[in-house]
Structures are given as C-alpha cells and as structure tokens.
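One structure is given here, and the rest of the page talks about it.
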Amino acid sequence: MEIIIRQELPEEYWETEYMTKKAFWNLHFPGCNEHYLVHRLRSDKAYIPELSRVAVADGKIVGTIMYSAARIEGAEGSSNEVLCFGPLCVDPAMQNMGIGGLLLNTTMQLAREEGYPGIVIFGEPGYYPKFGFQTCDHYGITTAEGKNFDAFMGIELVPGGLRSMPGRFFEAEVFESLTEEETEAFDKGFPYMEKLRLPGQWDYDAGNKQKDGDEA
C-alpha cells in the first residue's frame with residue numbers, strides 16, 4: 069500500500085478531524101478533544117501549515133501531524149522560537165505500520181531545511197526516543213512551571229539548537245484554551261462514539277490541562 073505524505077486540502081478538514089477523533093477517543097480520558105484542537109489550530113496565528121502534513125492511503129486521510137510555533141524564555145529575558153507539534157496521530161486501523169514515523173521523519177527534515185533550531189513536545193516517552201528525542205533536562209529546558217518529566221522531550225534540528233537556549237518552554241495559547249463545553253458542541257458534528265472510562269487513562273478529567281503530541 070502506497071502512503072502519500074502531503075499538505076492537507078481544505079476539503080479534507082472534516083475527514084482529518086474525524087480521523088483524529090477516532091485515534092484519540094477514550095485514549096487519555098473518556099472522549100477526547102484533539103479533533104477540536106486540530107480545528108482550532110488551523111486558524112491560530114501559531115499554526116505552521118508549511119510544515120504540517122497528512123498521510124493518505126487509497127485516497128483517504130489516515131494520519132496527520134500539525135506544527136505550531138512555540139518559544140523558550142531565558143532567565144535574562146531572551147525569547148527564542150522553537151517548534152512544537154501535536155497532535156500526531158494515525159487512524160486506529162492503520163497503526164503500527166510506520167505511518168507515524170513517516171510523518172515525523174518527513175516533517176523534521178522539512179524543518180531542518182527551513183533552519184528551525186529544534187522541536188519541543190509533550191509526548192509518549194515510549195515512542196519518541198527512537199527518533200532521537202530526549203527529555204528536556206538534557207537541554208536545560210523546563211516547562212513554563214519549571215518542571216521536567218519523561219513526557220517532556222525535545223530534539224535538536226541543528227547542532228546546539230536547543231542547548232544554546234536554556235529556559236522555560238511556552239507552547240501556543242490554543243493548547244490551553246480548549247474548554248469542555250466548546251469541545252462537546254464541536255463533537256456534535258461527528259458520528260457518535262461512546263465515552264468510556266478505561267484502564268490506563270489519565271487520572272484527571274478532560275477539562276484539566278493536557279498535552280498532545282503522542283502518536284495515537
């Protein structure tokens with residue numbers, strides 16, 4: 069099966085959102101809001117469509133990765149732009165076929181060619197290290213709250229790209245502004261899927277702060 073990686077077309081927006089819903093539904097908590105994030109990101113000033121891509125198989129959207137601008141603020145008042153991506157996801161019926169890796173490797177090469185220094189994400193610790201991601205304490209970078217943990221990772225796209233800018237990481241505000249009420253209203257535009265409480269989900273509610281970036 070041929071997998072085509074390309075930019076998303078406007079007429080494919082709903083299809084990409086529905087694929088994202090299926091990929092994340094009941095994964096982290098009952099339901100999901102990543103499909104609404106995809107919708108919101110496209111109109112956000114931080115969104116970078118030049119790097120974002122979809123994966124297409126047999127004419128159908130089977131995966132996506134969406135990039136946005138983020139920043140690292142240094143202790144002396146410096147502010148440096150870096151990349152963030154999320155969501156990165158693959159249709160459940162097409163997972164474990166290398167599509168997520170293809171999306172990631174393709175777009176990281178695009179970002180290198182554009183001269184971006186590095187990428188910082190909140191993602192799955194068991195997935196991203198095989199692509200070269202390391203926890204951000206290797207680069208002297210913390211979250212906005214000054215924390216480090218396994219899911220907070222980065223990768224340099226040029227030598228010293230992240231090590232040269234230690235500080236606190238701030239993602240686009242859209243990641244912090246997805247309310248449960250807005251998500252519920254948006255979700256009515258898609259086929260119904262039952263919300264379930266499942267083992268392995270996060271211990272807090274969908275309305276609380278979450279991070280996207282792992283391949284679903």
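Numbering follows this note's numbering, with no gaps: position 1 of the sequence shown is 69. Where is the CB? At the ideal position from N, CA and C, for every residue including glycine. Because the structure is a prediction, the values reported are computed rather than measured.
Considering only residues of the same chain and omitting the five flanking positions on each side of Gly142, which have a CB-CB separation below 7 Å? Taking the sequence shown and counting its residues from 1, the one referred to as residue 142 is at position 74. Answer for Gly142: Met233, Pro234, Gly235, listed in chain order.
Between the beta-carbon of Thr175 and the beta-carbon of Arg110, is there less than 8 Å? Counted from its first residue, the sequence shown places residue 175 at position 107. Counted from its first residue, the sequence shown places residue 110 at position 42. In this structure, Arg110 does not lie closer than 8 Å to Thr175 by Cβ.
Straight-line gap, Tyr81 to Lys90 (C-alpha atoms, nearest Å): Taking the sequence shown and counting its residues from 1, the one referred to as residue 81 is at position 13. Taking the sequence shown and counting its residues from 1, the one referred to as residue 90 is at position 22. Pairing Tyr81 with Lys90, the inter-Cα distance amounts to about 14 Å.
Classify Pro117 as buried or exposed, calling it buried when 16 or more other Cβ atoms lie within 10 Å of its own Cβ. Numbered from 1 along the sequence shown, position 49 holds the residue referred to as residue 117. By the neighbour-count rule (16 or more Cβ atoms within 10 Å), Pro117 is not buried but exposed.
Ordered along the chain, which non-local residues of its own chain (more than five positions away) have a Cβ less than 6 Å from that of Gln278? Position 210 of the sequence shown, counted from the first residue, corresponds to residue 278. Caution applies to Gln278, whose pLDDT of 39 falls short of 50 and renders its modelled position unreliable; the model cannot decide the point.
Option nearest Gly194 by Cα separation, candidates Leu170, Met221, Tyr184, Asn216: For the purposes of this step, residue 194 is taken as the residue at position 126 of the sequence shown. If we check each option's Cα against that of Gly194, Met221 comes out closest.
Going by beta-carbon coordinates alone, are Gly186 and Val158 separated by less than 8 Å? For the purposes of this step, residue 186 is taken as residue 118 along the sequence shown, with counting starting at 1. For the purposes of this step, residue 158 is taken as residue 90 along the sequence shown, with counting starting at 1. No, the pair does not count as a contact, with Cβ atoms beyond the cut-off.
Note down, one range per segment and in chain order, each beta strand (DSSP E) of at least 3 residues found wholly within the region 123-165. 128-141, 147-158
Can you tell me whether Thr84 is buried or exposed? The criterion is at least 16 other CB atoms within 10 Å of its CB, across all chains shown. Reading the sequence shown from its first residue, position 16 is the one you call residue 84. With 16 or more other Cβ atoms within 10 Å, it is buried.
Can you tell me the Cα-Cα spacing of Tyr115 and Gly268, whole angstroms? By one-based count along the sequence shown, residue 115 stands at place 47. By one-based count along the sequence shown, residue 268 stands at place 200. Near 31 Å, if we compare the C-alpha coordinates of Gly268 and Tyr115.
Considering Gly186, what are the terminal residues of the beta strand (DSSP E) in which it resides? On the sequence shown, position 118 is the one that residue 186 refers to. Residues 186-190.
Gly235 - partner residues in DSSP beta bridges: As a working note, residue 235 is residue 167 in the sequence shown. For Gly235, which the question treats as bridged, DSSP gives the partners Ile209.
Pull up the CB-CB distance for Leu105 and Leu225, whole angstroms please, since I reckon it's below 8 Å. Residue 105 sits at position 37 when you count from the first residue of the sequence shown. Residue 225 sits at position 157 when you count from the first residue of the sequence shown. Not really, about 24 Å apart at Cβ, beyond 8 Å.
Is the distance from the Cβ of Glu253 to the Cβ of Val188 below 8 Å? The sequence position of residue 253 within the sequence shown is 185, counting from 1. The sequence position of residue 188 within the sequence shown is 120, counting from 1. Note on identity: in this sequence residue 253 is Ala, with Glu being the wrong assignment. Taking C-beta atoms as the reference points, Ala253 and Val188 fail to come closer than 8 Å.
If Pro155 sits next to Thr211, beta carbons under 8 Å apart, how far is it from one beta carbon to the other, in whole angstroms? Against the sequence shown, residue 155 aligns to sequence position 87. Against the sequence shown, residue 211 aligns to sequence position 143. In fact, because the Cβ distance is near 19 Å, the residues do not count as touching under 8 Å.
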